[in-house]
C-alpha cells in the first residue's frame, strides 16, 4: 500500500490522484480489517488469560495455607523445644526459676494447714 502511495504521488496527474484515493481507501480498509483481526485476537487472548486466572486461582488459594503450615508452623514445632531448653539452662535464670513464688508458697501453706485440721 505504501509503495503504491508514493508511486502515485510522484506521477502527479489527475488520474493518478483518483487512483491514489482509491488505493488509500483500500489500504485503510485493509488496515481496518487487520485492526479488527488484531482486536479479535487481543480479545481472545484477554479471555484466555482471564480463564487461566480463574482456573488457577483455586489451587493457589489452597496452596497458601499449606505453605504457611509448612514454613511457619513446622519450623516453630521443630525449633521450639531447643529454644526453650536454651533459655531454660542459662546460668542467670536457673536460680530464679527454682525459687518458689509467693502465691505458690501461700497455697502450699494453706493446704498444709487444711491437712492438719482434718
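Residue numbers (the working numbering): 80 to 197. Here a beta-carbon is modelled for each residue, glycine too, at the ideal position from N, C-alpha and C.
Requested in this report: Work out the CA separation of residue 121 and residue 133 for me, nearest whole Å.
Outcome: 18 Å
Query raised in the report: Roughly how many angstroms lie between the CA atoms of residue 152 and residue 145, to the nearest whole one?
Result: 10 Å
Query - Extent of the continuous alpha helix (DSSP H) to which residue 161 belongs - result: 153 to 167
Query raised in the report: Can you tell me the Cα-Cα spacing of residue 188 and residue 160, whole angstroms?
Result: 33 Å
**Report entry** Rounded separation between residue 175 and residue 156 - CA only
**Finding:** 27 Å
Report task. Tell me where the alpha helix (DSSP H) around residue 189 begins and ends. Result -> 181 to 196
Report task. Give the secondary structure of residue 178 by DSSP, where H, G and I count as helix, E and B as strand, and everything else as coil. Result -> coil
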